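First up is the structure itself, then whatever we jot down about it.
2 protein chains.
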Amino acid sequence: MNAVELAHQHVLAALLNGDLRPGQWIRQDDLAAELGISKVPVREALQRLTAEGLVTFETNRGSAVRSLTAADAEEIYALRLAIEPMLLERSIANLSIVDLASAGLALTSTGSSIGEANWHFHRALYAGAHWDRAVTLVGRLHAAVAPYVVLYTQELGGSSASDKQHRKLLKLCQAAKTQRAVDLLRQHLEEASAALVASLRPPAADSTS
Amino acid sequence: MNAVELAHQHVLAALLNGDLRPGQWIRQDDLAAELGISKVPVREALQRLTAEGLVTFETNRGSAVRSLTAADAEEIYALRLAIEPMLLERSIANLSIVDLASAGLALTSTGSSIGEANWHFHRALYAGAHWDRAVTLVGRLHAAVAPYVVLYTQELGGSSASDKQHRKLLKLCQAAKTQRAVDLLRQHLEEASAALVASLRPPAADSTS
DNA sequence: CATCATATAATCGTATCTGATTCTGCTATT
DNA sequence: AATAGCAGAATCAGATACGATTATATGATG
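If you read the protein sequences in the order shown, they are chains P and Y. Numbering-wise (our numbering), the first sequence opens with residue 1411 and increments by one. Numbering-wise (our numbering), the second sequence opens with residue 1411 and increments by one.
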């Protein structure tokens, strides 16, 4: 594997499993030392992550995990709602046994973190669409919200509601009930959106009312 | 401006106005020499462009303008159809005089290339949505198809059909006729999709000639 | 004609250096 | 006590040089 890919995947994994918090600085020297590589590929990886919308890159200040406002979260979930149902609808009929097994495995996996398992599940269900660009794109939207989702999921002691929806969604996909599966996915995303937006709103409490 | 940004914008502009053809190699040394910078920021810019889906990056081989298959084009336009009507619908009511003027200017501009003018027009109409992520994303989809659109537009001696739709779309936006504008945009994109896909279907893509 | 060896060119990554910018903690002044 | 200013530390941006790796083209050999 490339040094660039190594650094890229390292940061990505850290975002998905909550090791990196929103706004946290990512020092080039530290990351390079940690991975045993030089600064050049680290900077390249950070540029990629910046283009992916996961990291900020301020000149002469460095990189940090990109923070989100409530408006950002609304936009991200609007995009996910525009793309993911389309992907699932296109995918279901072509899902292979392996895809469905991967999705099932992601639900029971104990090895990876919540964020990673969550994404592996969704990605497996979209595999049948054979639209790699779109899946990659959705993956970035997922990673962009992951640092926040991990935070408030930990607060609530794990989200069993989302988990339940996932199991039901998998069953609908296995049964090839396209319309019901797409509807459930939409609902799933809308609820996730509402939860994240709500958790981001509080700082905007006004004193005038 | 950054050396990285310089290189990034240079390549992006070259893609939009047809100076770079699909599959064409982008040599790090050449680009660095041309811009009077070193290879390091050039590589960083290429990594960003790769993450944006505009360029390929093969280990030990280098970067090239990303080529598209007909299936790729279908996917890209499916994404555009999923996002851009949503953006326009959200935007129209909030379009400022300046936004509308920018859009109008893009239609009559003689300074920039077809690809750039085209994108400036669409971007201006989406400004009212205040969804920067989505607009950036659509811009990348636009840039991804630009090298091909420029090619077959030149073959046909300029596309007056697309131009006509643009003018009508602008009028509808000025009159705030949201539904009709969104419908026209959808039609506009579907026709552009069909044209590009058709031009990609005959496997006559030969990059060496 | 097919295959192997070699030469060339390009990339990948490291190390090191310089300059510029930003951050931090201390001091002095009001 | 609070703030302004300043020196030093930390960090980043970028250039350059070097060796290693890999791909491609050329040519020799059977």
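Glycine residues also receive a C-beta, built at the ideal position from the N, C-alpha and C atoms. What you are looking at is a predicted structure, and each value in this text was computed from that prediction instead of being measured.
Legend entry - Option nearest Asn1470 of chain Y by Cα separation, candidates Y:Ile1486, Y:Arg1453, Y:Leu1478, Y:Ala1481: Y:Arg1453
Legend entry - Beta-bridge pairing of Phe1467 of chain P - partner residues as DSSP gives them: Among the bridge pairs identified by DSSP, Phe1467 of chain P is matched with P:Ser1473.
Legend entry - Alpha-carbon to alpha-carbon, Tyr1562 of chain P and Ser1519 of chain P: 21 Å
Legend entry - Members of the segment 1464-1476 of chain P near chain Y, C-beta cut-off 7 Å: Thr1469
Inset, instruction - Might you give, ordered along the chain, the residues of its own chain that have their beta carbon closer than 7 Å to the beta carbon of Ala1544 of chain P, omitting 5 neighbours on each side? - result: Ile1493, Leu1497
Inset, instruction - Assign Leu1566 of chain P to buried or exposed, taking buried as 16 or more other Cβ atoms, counted over all protein chains shown, within 10 Å of its Cβ. - result: exposed
Legend entry - Which residues DSSP lists as bridging Trp1541 of chain Y, in chain order: Trp1541 of chain Y has no beta-bridge partner at all, per DSSP.
Legend entry - Beta-carbon neighbours of Glu1485 of chain Y, restricted to chain P and to distances below 7 Å: Those within 7 Å of Glu1485 of chain Y in chain P are Trp1541, Arg1543, Ala1544.
Inset, instruction - Confirm, please, whether the CB-CB distance from Gly1428 of chain Y to Ser1523 of chain Y is below 8 Å. - result: yes
Legend entry - the segment 1598-1608 of chain Y touching the segment 1476-1496 of chain Y, judged by at least three CB pairs closer than 8 Å: By the Cβ criterion, the segment 1598-1608 of chain Y is in contact with the segment 1476-1496 of chain Y, since at least three pairs of Cβ atoms, one from each stretch, lie closer than 8 Å.
Legend entry - Any chain P beta carbon closer than 8 Å to Asn1528 of chain Y: no
Legend entry - Ala1615 of chain P, DSSP secondary structure in three states: Here the model assigns Ala1615 of chain P a pLDDT of 47, short of 50, so the residue's position is not dependable, and the following value carries that caveat. If DSSP states are grouped into helix, strand and coil, Ala1615 of chain P belongs with coil.
Inset, instruction - Would you mind giving the Cβ-Cβ distance between Val1559 of chain P and Gly1525 of chain P, rounded to the nearest angstrom? I have them listed as a contact below 8 Å. - result: 7 Å
Inset, instruction - Have a look at Y:Ser1609, Y:Gln1575, Y:Leu1551, Y:Leu1610 and flag the residue whose alpha-carbon is nearest the alpha-carbon of Leu1410 of chain Y. - result: Look at the range of chain Y in this structure, 1411 to 1619, and you will see that residue 1410 of chain Y is not part of it.
Inset, instruction - Kindly list, in the order they appear in chain Y, the residues whose Cβ is closer than 8 Å to that of Thr1479 of chain P. - result: Those do not exist, as Thr1479 of chain P stays about 12 Å from chain Y at its closest Cβ, beyond 8 Å.
Inset, instruction - Within 10 angstroms of the Cβ of Ser1617 of chain Y, are there 16 or more other Cβ atoms? Answer buried if so, exposed if not. - result: Residue placement at Ser1617 of chain Y is flagged as unreliable, the pLDDT there being 43, under the threshold of 50; a coordinate-derived value is accordingly withheld.
Inset, instruction - Tell me, please, which residues DSSP counts as bridged to Trp1435 of chain P. - result: P:Ala1474
Legend entry - Ser1473 of chain Y versus Trp1435 of chain Y - alpha carbon distance: Roughly 6 Å between the two C-alpha positions.
Inset, instruction - Could you check what DSSP says for Thr1672 of chain Y in three-state terms: helix, strand or coil? - result: The question about residue 1672 of chain Y has no answer, for chain Y in this structure spans 1411 to 1619.
Inset, instruction - Can you say whether His1532 of chain P is buried or exposed, counting buried as having 16 or more other CB atoms within 10 angstroms of its CB? - result: buried
Legend entry - Contact with chain Y by Leu1498 of chain P, beta-carbon distance below 8 Å: Chain Y, which has no Cβ nearer than 8 Å to the Cβ of Leu1498 of chain P, makes this no.
Inset, instruction - Say whether chain P places a C-beta atom closer than 8 Å to the C-beta of Thr1563 of chain Y. - result: no
Inset, instruction - Would you mind stating whether Gly1446 of chain P and Ile1502 of chain P have Cβ atoms separated by less than 8 Å? - result: no
Legend entry - Residue-level contact to chain Y via CB, Gln1438 of chain P, 8 Å cutoff: no
Legend entry - Limits of the alpha helix (DSSP H) - the one that Thr1518 of chain P falls within: 1507-1518
Inset, instruction - Would you tell me roughly how many angstroms separate the C-alpha atoms of Leu1515 of chain P and Cys1583 of chain P, rounded to the nearest one? - result: 15 Å
Inset, instruction - Leaving aside the five residues before and after Leu1430 of chain Y along the sequence, list all residues of the same chain whose C-beta is less than 8 Å from its C-beta, in chain order. - result: Around Leu1430 of chain Y, the same chain offers Val1421, Ala1424, Ile1436, Val1475, Pro1557 as residues with beta carbons nearer than 8 Å, after the five sequence neighbours per side are excluded.
Inset, instruction - Determine, using beta carbons only, whether Gln1419 of chain Y comes closer than 8 Å to chain P. - result: no
Legend entry - Cα-Cα separation, Gln1457 of chain Y to Ala1585 of chain Y: 42 Å
Legend entry - Exposed unless 16 or more other CB atoms sit within 10 angstroms - verdict on Pro1451 of chain P: buried
Inset, instruction - Leaving out five residues on either side along the sequence, give the residues of the same chain with a beta carbon under 6 Å from the beta carbon of His1530 of chain P. - result: Ala1516
Inset, instruction - Please report how far the alpha carbon of Ser1619 of chain P lies from the alpha carbon of Ala1481 of chain P, in whole angstroms. - result: The predicted position of Ser1619 of chain P is uncertain, since its pLDDT is 36 and thus under 50; a value taken from the coordinates is nonetheless stated next. Spanning the two alpha carbons is a distance of roughly 22 Å.
Inset, instruction - Determine the chain P residues that contact Glu1454 of chain Y at a beta-carbon separation under 7 Å, and present them in chain order. - result: Arg1453, Glu1454, Gln1457
Inset, instruction - Closer than 8 Å by beta-carbon distance: list the chain Y residues that pair up with Ala1492 of chain P, in chain order. - result: Ala1492, Ile1493, Met1496
Inset, instruction - Using a Cβ-Cβ cut-off of 8 Å, state whether Val1559 of chain P counts as contacting chain Y. - result: no
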